[in-house]
Amino acid sequence: MDSNFCSKGEIAKTKQYLLSHQFKSLKKEICQRLIGQRWLRYTGALKNTPNKEGIYVIGVKPATGRVKYLYVGHSVDIHRRLLQHRNQSLKIDLFIQRQYRENGGKNLRVKWEEKKNSKLKEGKYIQCIESIHSNRYKRRYKLRYNLKRGNEGVPDLEAEEMQSACSSLVKRKWRPYDTSIVPETGGIYVIGDNVEQKKIIYDYVGQSNDLHRRLNDHKHSNQQKISRFVKKEFEENGGETLRIKWIETEDHKCEEGIVLECITEEIGYKPRMNVKAGDNC
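Quick look at the structure:
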């Protein structure tokens, strides 16, 4: 065989070696600077966090020893996202809320790095931080509150489609709560109100295989908080202050949780009557 040519096996091994070393280099580049930054108290940092896109890390300071890394997140507005953690229902949110109840959040720490395309880089930051700490402590290190592994460094077309659906739903015009105009098809819907005669407040994001029937049910049921609210508004003023909008989609059950999370990020607060986080598949 000509010595200038490699076998397929050798080519595969070479590619694997190069990719491995390239990834190790990328990992060091992508999170080394963030790890090297000084931790700030969560409460004090809220005054100084930028309203800019980036990656952030939340940690907790034990009585002795170093700050423990707990969670890596991303947002198009770091400041707003850190505020939201104090009022929402993810596992990290509940931990932060418990810390505030117990000691005013004095043990919580945070640091961040402004970064464009943060959503696509979040997964790499998680891998990077876990890898560096696993090497440091000579055992597997896992970020305790990153239940999902973040977004990968390549576009997720399905996620992008859901993001687009969410943006479309947020921009869609509000309509009166008139179920005669609602189709009998599957989809995701939003209920809002302008009870205070100001801008319309998002009250609830839901899903159904029959939008028409589901929105009708809310007017007569007492099972959910949103249903009791809608029923009361119809009894008192014929639902005059209520508004609705929707999108039709076949995968409504799987998309509900993602659309709820997306809408929360888009509008800056969680719809007040969404007690659960919504469904995901």
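Be aware that the sequence shown starts at 1, since it is given in UniProt numbering, and climbs by one per residue.
By construction, the Cβ of each residue, glycine as well, lies at the ideal position given by its N, Cα and C atoms.
Sequence ranges, alpha helix (DSSP H) only - wholly within the UniProt domain "GIY-YIG" (186 to 237), length at least 4: 211 to 218, 225 to 237
Segment limits, beta strand (DSSP E) that includes G73: 68 to 75
Beta-bridge pairing of K111 - partner residues as DSSP gives them: V57
Beta-bridge pairing of W174 - partner residues as DSSP gives them: For W174, which the question treats as bridged, DSSP gives no partner whatsoever.
DSSP-derived helix/strand/coil call for L40: strand
Cβ-based burial, E248 [other Cβ within 10 Å; buried from 16]: exposed
Buried versus exposed call for L147 [16 or more other C-beta atoms within 10 Å across all chains shown]: exposed
Helix, strand or coil at K27 [DSSP, three-state]: Low per-residue confidence applies at K27: pLDDT is 45, beneath 50, and the placement is therefore not dependable enough to give any value.
Any 3 or more C-beta pairs closer than 8 Å across the stretch 256 to 266 and the stretch 198 to 214: yes
Cβ pair G187, W246 closer than 7 Å: yes
When H218, H74, N107 are compared against K115, the one with the closest alpha-carbon: H74
With 16 other Cβ atoms within 10 Å as the buried cut-off, status of V275: exposed
Given T185 as reference, the closest of V170, L169, H212, R175 once Cα atoms are compared: H212
CB-CB length for C166 against E266, believed under 8 Å: 7 Å
Residues bridged to E248 [DSSP beta-bridge criterion]: G187
Beta-carbon proximity check, K61 vs N107, cutoff 7 Å: yes
Nearest-angstrom Cα separation, counted from I126 out to L120: 12 Å
Cβ neighbours of A45 in the same chain (closer than 6 Å, five flanking residues each side left out): V110
Given 8 Å, three or more beta-carbon pairs between the stretch 128 to 135 and the stretch 77 to 84: no
Beta-carbon spacing of P271, Y177 below 7 Å: no
Where the alpha helix (DSSP H) containing L82 begins and where it ends: 78 to 84
Buried versus exposed call for H220 [16 or more other C-beta atoms within 10 Å across all chains shown]: exposed
Residues near Q37 by beta carbon distance below 6 Å, same chain, minus five either side: K111
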